[in-house]
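Structure first, commentary second.
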Amino acid sequence: MEQTYLMIKPDAVQRGLCGEIVTRFEKKGLKLIAMKLMVIPKETAETHYGEHKGKKFYDSLIAYITSGPVLAMVWEGDNAVQVCRNIMGKTNPQESAPGTIRGDYGMVTGVNIIHGSDSPESAKREIGIFFKPEELCSYDRTLDKWTYE
Ligand code: IDP
Ligand code: MG
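This note's numbering applies: residue 678 is where the sequence shown begins, and numbers increase by one.
As structure tokens, then:
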């Protein structure tokens, strides 16, 4: 099964949205396999967002993502990367459809609630930044036979 890295950003932790956001992925049928509340060290944030280095929003992005605790998570499921991106909505919350997380809870791109990997390769890289292999839980859910054909 595909895995993806999701991270509830500091604004959403501060606003008390963790429970509602986690619930959306659970109800969809995705499986939570790791979760950790943490303040990201600056160097880790720079590694995670390395692809954006040099862009005009880079410094504010690093300041934002290290400004308070994030809820780091790994979720698993069929096509999990794309399914989770669909649930999150577009990068700019003003362009995100209502019903998506960013569409429902966010107002601007620079404070946009949640991160999700954009490909299976990114997911592998990002999971490795935030979790040790032994922190990922492998378990069966009896309800999966009512989730998948
Ligand atoms: P994504 O989070 O939807 O994958 P990316 O383009 O990878 O979007 O950008 C990473 C993060 O950088 C965004 O989620 C957002 O927090 C921030 N960001 C991207 N573009 C802008 C911008 O134009 N202004 C401010 N922040 C931005
Ligand atoms: Mg991205």
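For every residue, glycine included, the Cβ atom is placed at its ideal position computed from N, Cα and C.
Owing to the predicted nature of the structure, the values given are computational and were not obtained by experimental measurement.
Answer yes if the region 727-737 comes into contact with the region 757-774, meaning at least three C-beta pairs across the two stretches below 8 angstroms, and no otherwise. no
Own chain residues within Cβ distance below 8 angstroms of residue 744, not counting five before or after: 687
Take residue 807 as the anchor and find which of 694, 701, 713 and 693 has the nearest alpha-carbon. 713
Cβ of residue 789 within 7 angstroms of any heavy atom in ligand 1? yes
Let me check understanding here. Comparing Cα to Cα, which of 696, 804 and 820 lies closest to residue 814? 804
With a threshold of 16 other CB atoms inside 10 Å of the CB of residue 700, please say whether the residue is buried or exposed. exposed
Confirm, please, whether the CB-CB distance from residue 679 to residue 756 is below 8 angstroms. yes
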